[in-house]
Structure formats: structure tokens, C-alpha cells
Amino acid sequence: MPFIDSKVSVKVTPEQRKELKERLGQAISLLPGKSESWLMVDLSDEQDMYFRGDGEQPTAFIGVSIYGDPDSGAFGRLTGELTKIYDEVLGIAPDHIYVKYATTHDWGWNGNNF
100 MPFIDSKVSV KVTPEQRKEL KERLGQAISL LPGKSESWLM VDLSDEQDMY
150 FRGDGEQPTA FIGVSIYGDP DSGAFGRLTG ELTKIYDEVL GIAPDHIYVK
200 YATTHDWGWN GNNF
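Residue numbers (the working numbering): 100 to 213.
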């Protein structure tokens, strides 16, 4: 039950959205037991974002919520892949991307909790 919530300062075309969705679906498998079949993605573009006091450079904040407790090594590999994807697809430099992870043992779906 992963959820990737990203906010980016740039405009995202329909083609870029499709590519992001596909590549994020592949990348989530870097976390043991996670796959695109349960992945939900939200992409908010054209956000007013400032990093280091500058609002002119393309910037991204990516939040990854996970059910369970993947090891921190898997998170490290996913961070590398996420920053690569956002750089290649949207032109956002890795040094202008924050990635935040949140894990939980309480996750609801279909009227129940896992």
C-alpha cells in the first residue's frame, strides 16, 4: 500500500505524467514486497516552491507513505531512483528534491484496516 505524493514547481505535460506514473510504478518495487499493483500516485504541478530562498529553480517534494517497515537501505535505493526519475522526466536537479518517508502499521482500504 504505497502512496507517492509529489509536489513540483514545474508544469507537467500529459506525456510526462504518463512517464512518471510508469517509472514510479517500476521504482516502487525497490521496496521489498511493494509493487505497482497497490501504488497510488498524486502529482501536483505548478506549485509555488522555494528552496534555499530561491523560487526560480525547478523544485520537488516527494512524500512516500508505506505500510510496514522496509529497511533503510531500500529507502536509500528508492531515493536514488526517484531523484533520477524526476531529473530525467521533469528536469529537476537531485539537489532540489526532498524525499520524505513515512511508515505505518495502520492502513485502511475497502472499509477495513490491514
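Every residue gets a Cβ at the ideal spot worked out from N, C-alpha and C, and that includes glycine. Nothing here was measured: the structure is a model prediction, and the numbers come from that model.
Sorted by chain position, which residues of the same chain lie with C-beta nearer than 6 Å to residue i's C-beta, five sequence neighbours on each side aside?
i	result
W137	M100
F160	K106, Y197
T202	I165, D168
Can you check which of these residues, the options, is closest to residue i by C-alpha distance?
i	options	result
S171	P193, L189, Y200	Y200
Y197	E135, L129, G132, E180	E180
S128	Q156, R176, F160, D153	R176
T182	G154, D168, G167, G162	G162
E155	A192, P113, A126	A192
E118	K133, T203, L142, N209	L142
Q99	N211, G132, E187, G152	Residue 99 is absent from the model: the chain starts at 100 and stops at 213.
Excluding the 5 residues flanking residue i on each side, which residues of the same chain have their C-beta closer than 7 Å to its C-beta?
i	result
V64	Absent from the model: residue 64. The displayed extent of the chain is 100 to 213, so no value can be given.
D144	V107, V109, K110, V111
W208	M100
D205	N212
A173	L129, L130, P131
Could you check where the alpha helix (DSSP H) with residue i kicks off and where it finishes?
i	result
I191	Segment: none, I191 is in no alpha helix (DSSP H) and carries neither H nor E.
G124	113–126
Go to residue i, then tell me how far its beta strand (DSSP E) extends in each direction, as first and last residue.
i	result
K199	196–203
K106	102–107
Who are the Cβ neighbours of residue i in its own chain at under 8 Å, not counting the five residues just before and after it?
i	result
P157	V107, S108, V109, L189, G190, I191, A192, H195
Mind listing, in chain order, the continuous beta strand (DSSP E) runs of no fewer than 3 residues lying wholly within the stretch 128–169? Secondary structure within the stretch 128–169: the beta strand (DSSP E) runs of 3 or more consecutive residues, fully enclosed, are 139–143, 159–166 (chain order).
With a threshold of 8 Å, are at least 3 pairs of Cβ atoms found where one atom belongs to the stretch 148–156 and the other to the stretch 109–117? In the pairwise beta carbon analysis, the stretch 148–156 is classified as not touching the stretch 109–117: fewer than three pairs are separated by under 8 Å.
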